[in-house]
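Numbering (our numbering), first residue to last: 4 to 312.
One structure below.
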Amino acid sequence: MRSQIFSATTNLKLLLRECAIQGNSLIILVATLSILIIDLHLPLGVAAGVPYALVIFASLWVCGIQFTYLIAALGIMFTIAGFYLSPGIAVPMNIVLFNRGITLLLIICSAMMVIKIKKANIDISTLMSQILVDPITGYKNRQAFETELDTEILRCKRYHRNLSVAIIDIDLLKLFSDNYDFRNKNDSIKKISQEIKADIRTSDLFYRIDINVFAIVFPETELAKAKEVCEAIRKKVTAKIDKNTENKITISIGIAMLSEADKRINLCKRAEDALFISKRNGGNFVSTLPEVANKDKPHVAAILSRSRS
4 MRSQIFSATT
14 NLKLLLRECA
24 IQGNSLIILV
34 ATLSILIIDL
44 HLPLGVAAGV
54 PYALVIFASL
64 WVCGIQFTYL
74 IAALGIMFTI
84 AGFYLSPGIA
94 VPMNIVLFNR
104 GITLLLIICS
114 AMMVIKIKKA
124 NIDISTLMSQ
134 ILVDPITGYK
144 NRQAFETELD
154 TEILRCKRYH
164 RNLSVAIIDI
174 DLLKLFSDNY
184 DFRNKNDSIK
194 KISQEIKADI
204 RTSDLFYRID
214 INVFAIVFPE
224 TELAKAKEVC
234 EAIRKKVTAK
244 IDKNTENKIT
254 ISIGIAMLSE
264 ADKRINLCKR
274 AEDALFISKR
284 NGGNFVSTLP
294 EVANKDKPHV
304 AAILSRSRS
């Protein structure tokens, strides 16, 4: 009994949240009440209850399944109320009963269709989220990186803003994986990704784009500022694998800044070339290609590494 009450309370909270957040829900509720008022002013035999099916389909404008259940329940109750409260009768009773029965059936079928559509949309949204999220780290993957970087490039070009991209590679992870303090290599990658994410702004975009490779998109940030942030990240991520050895986890970083003629491929290629320079220098290094920032562009300096205590 207690669990049933708790479940009902939870569903009511979800319903109230849906109605409070979305203005469309108020319009649909008003339309439902309007249909009832019209039905109560018409004699029995006029199919005034049929429009309830329309407001059920209109509930597609409101996210969440609970609201559709509410509209369907109101439609059923108002249809029955109209049968008892409508003034007079215009046709034989058997026709009235047939009309009301068809109306109830239409409401139920409409509600089932709308609920099925909403559940399918939820499943699609969940699937899309899984497609764009790396299962090990929980951060977005290469597909999301390419899509969102294209969007950021268009925005920055339109409003003449700075944009920098950093490609981060974990140095010699395969050689050290057996000695990590973490359970396995995946745990190590997850821990490193969390350290990196903790030291960037919420407005910066972070991705895992390959097995040992991450990417950061720095909106509103010129090359020099992005390098400062990446240097701080490199120093923080660098840690001893085993306190009894000199082996360390290190990262190499390459950074490039967007130019007016750039497309995503060009920008990423320069960042990868800068990463290659860092690797060629022995790793544990941050490199940038010699791009000159456009000083006429406004920018917001990236927040540097800071304590999380």
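Don't be surprised by glycine CBs; every beta carbon is placed ideally from N, CA and C.
These numbers were taken from a predicted model, which means no experiment stands behind them.
Spatial neighbours of K160 in its own chain (CB-CB distance under 6 Å, excluding positions within 5 residues in sequence) are not present. Distances from the CA of K200 to each of I212, A123, I236, Q69 were compared; the closest alpha carbon is that of I236. Less than 8 Å separates the beta-carbon of L166 from that of L261.
In the three-state reduction of the DSSP assignment, V117 falls in the helix class, which pools H, G and I.
If you check the CB distance, I256 and V216 do not come in under 8 Å.
The criterion of a C-beta distance shorter than 8 Å is not satisfied by V117 and T82. Contact between T241 and N287 holds, with the beta-carbon distance rounding to 6 Å and staying under 8 Å. Rounded to the nearest angstrom, the Cβ distance from Y142 to Y210 is 6 Å, consistent with a contact under 8 Å. Residue environment for F101: exposed (fewer than 16 other C-beta atoms within 10 angstroms of its C-beta). For L57 against G85, the beta-carbon gap comes to about 16 Å, at or over 8 Å, which does not count as contact. Taking L270 as the centre and dropping the five residues before and after it, the same chain places the C-beta of V168, A259, L261 closer than 6 Å to its C-beta, in chain order. V99 is not a Cβ neighbour of L39, given a cutoff of 8 Å. Here the alpha carbons of R145 and I212 stand approximately 4 Å from one another. The C-beta separation of L226 from T291 comes to about 6 Å, placing the pair in contact by the 8 Å criterion. Annotated as proximal: D153 and R267, with beta-carbon spacing under 8 Å.
The three-state secondary structure of R211, taken from DSSP, is strand.
Between N189 and V33, the alpha-carbon positions lie close to 54 Å from each other. The beta carbons of V220 and E263 sit no closer together than 8 Å. Linking K193 to T205 through their CA atoms gives a straight-line distance of about 18 Å. Counting every other CB atom within 10 Å of its CB across the protein chains shown gives Y87 a total below 16, marking it as exposed. In summary, V65 is buried, with 16 or more beta-carbon neighbours lying within 10 Å of its beta-carbon over all protein chains present.
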